[in-house]
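Asks:
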Ligand SMILES: Cc1cc2nc3c(=O)[nH]c(=O)nc-3n(C[C@H](O)[C@H](O)[C@H](O)COP(=O)(O)OP(=O)(O)OC[C@H]3O[C@@H](n4cnc5c(N)ncnc54)[C@H](O)[C@@H]3O)c2cc1C
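Residue numbers (the numbering used here): 1349 to 1788.
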């Protein structure tokens, strides 16, 4: 090109414009592709019912977001997307509170909140040292609103270390602490108490491990390194459930920690300042302080139908192999029900039916949605839509199916109707509860 042409302002600006367009084209195309992905994700989320937040979820300030999508990239649960140059919570129901989006946003335009304007989430009021309004009762882990294995683990340790610093002694002859629950929060509280030579009891209604013990087999647990007093650092970032449980068991064995399992705590009475009486299914115990690490799974919701207390009716599935060759009915339509039905259908000669009150699965993970659809097509699982259980008998379950009474054969019944949060239990202990409507 004749260099003199560049001296013509029109040519110069035309060339400059062309160059800018060529350089920015890949960015524009990339942004457009991301937008299309977000639109697709939104449609999918609404199909699977993942567009409505269950509890904790990110909220983006549209005035503050600059759309650089760091938050989208760091979220391990794929909650966020980019639309119109801004981050949006596409699948808020998948949020389990990693909080990475909030941390990487350079302009503080993301906040994790509990509930929505119309759907409140109940949480116990706790202070910075994890103490509730009842002096001497502490809440750690997911019960306090902060989910995740590593957070629960950290809080258990920090709570006990805070108590050690206070070094307030209880009345002579009673234990320093009773720790209720032995999921990650209760386990780390117990190990820290042991490390500091405190006298304590850990009461757990099921087995050690809490919610982690109930994860589907071989689930990949996303976590971060945590410090275990007296043991060292557990440096996992991604670990299979079984491996994590194995390491915890090793920590327990080496430390000599004793956990009283099969003990459901039913009530806590304050007998005096730094003196509590804890009533459990296995006995009554006393301590100067009580740490509640009972999570948010609560107790399984019952159907309230005759026959529900029979021994062949259960609310969780640990070992599907045991039920091979049996006729099984799974009641419910959430992820737990679907995963249980699929695990049972994998067993040889097992007849699996599901009873669900709605006409389609809603709010389940897309992977489960596809797997259960395949299992139905293959005849491995039969789903009885719009059915309600009315009575359970030793070899049959009576259902109301589209207003007709039917009996389906069932040697085993698994009920997954959600959980009842331990709000009443907390209130009976005198702990104040607040309801959050889209607040941090
Ligand atoms: C499907 C699923 C996948 C998840 N994936 C991840 C993940 O990849 N990474 C991650 O970091 N987090 C994940 N989480 C979240 C994580 O599991 C929880 O945040 C964590 O387990 C909370 O620990 P916790 O100790 O507070 O409560 P929990 O683990 O729920 O433990 C509470 C314990 O208290 C016991 N208990 C309850 N009531 C009583 C009572 N009255 N008396 C005696 N004992 C009682 C229970 O039996 C239980 O053992 C996931 C959760 C779910 C449901």
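Glycine included, each C-beta is placed from N, C-alpha and C at the ideal position. No experiment lies behind these values; they were computed from the predicted model shown.
Just mark residue 1716 as buried or exposed, buried being the case when its beta carbon has 16 or more other beta carbons within 10 Å.
Replies: buried
Asks: Using a 10 Å radius around the Cβ and a threshold of 16 neighbouring Cβ atoms, would you call residue 1735 buried or exposed?
Replies: buried
Asks: Would the beta-carbon of residue 1612 be found less than 6 Å away from any heavy atom of ligand 1?
Replies: yes
Asks: Quick one, which of 1591, 1590 and 1574 has its alpha-carbon nearest residue 1583's?
Replies: With distances taken between Cα atoms, residue 1583 lies closest to 1574.
Asks: In three-state terms, what does DSSP make of residue 1736?
Replies: strand
Asks: According to DSSP, residue 1744 sits in a beta bridge with which residue or residues?
Replies: BP columns for residue 1744 point to 1757.
Asks: Whole angstroms are fine: how far does the CA of residue 1675 sit from the CA of residue 1799?
Replies: Missing from the structure shown is residue 1799; the chain here goes from 1349 to 1788 and no further.
Asks: Note down, one range per segment and in chain order, each beta strand (DSSP E) of at least 3 residues found wholly within the segment 1611-1658.
Replies: 1613-1620, 1623-1628 and 1631-1640
Asks: For the beta strand (DSSP E) that contains residue 1438, what are its first and last residues?
Replies: Counting along the chain, residue 1438 falls outside any beta strand (DSSP E), and DSSP gives it neither H nor E.
Asks: With a threshold of 6 Å (Cβ to nearest heavy atom), would residue 1639 be considered close to ligand 1?
Replies: Because no heavy atom of ligand 1 lies under 6 Å away, the Cβ of residue 1639 does not count as near it: no.
Asks: Measure how close the beta-carbons of residue 1430 and residue 1383 come, nearest whole angstrom, since I'm counting them as under 8 Å.
Replies: 6 Å
Asks: Is the closest heavy atom of ligand 1 to the C-beta of residue 1500 under 6 Å?
Replies: yes
Asks: What residues match up with residue 1662 in a beta bridge as DSSP calls it?
Replies: 1762
Asks: I'd like the span of the alpha helix (DSSP H) that includes residue 1385, first residue to last.
Replies: 1357-1396
Asks: Which stretch, first to last residue, makes up the alpha helix (DSSP H) that contains residue 1409?
Replies: Taken as a continuous stretch (DSSP letters only), residue 1409 belongs to no alpha helix (DSSP H), as it is neither H nor E.
Asks: So the alpha helix (DSSP H) residue 1538 belongs to, where does it begin and stop?
Replies: 1532-1543
Asks: Starting from residue 1523, follow the beta strand (DSSP E) in both directions and report where the run begins and ends.
Replies: 1523-1528
Asks: Quick check on the DSSP output: the alpha helix (DSSP H) that includes residue 1448 runs from which residue to which?
Replies: 1448-1452 is the extent of the alpha helix (DSSP H) around residue 1448.
Asks: For residue 1653, which residues from the same chain have a beta carbon less than 8 Å from its beta carbon, with the 5 sequence-adjacent residues on both sides left out?
Replies: Correct list, in chain order: 1737, 1738, 1739 and 1740.
Asks: So, does the segment 1595-1611 touch the segment 1694-1714, judging by three or more C-beta pairs under 8 Å?
Replies: no
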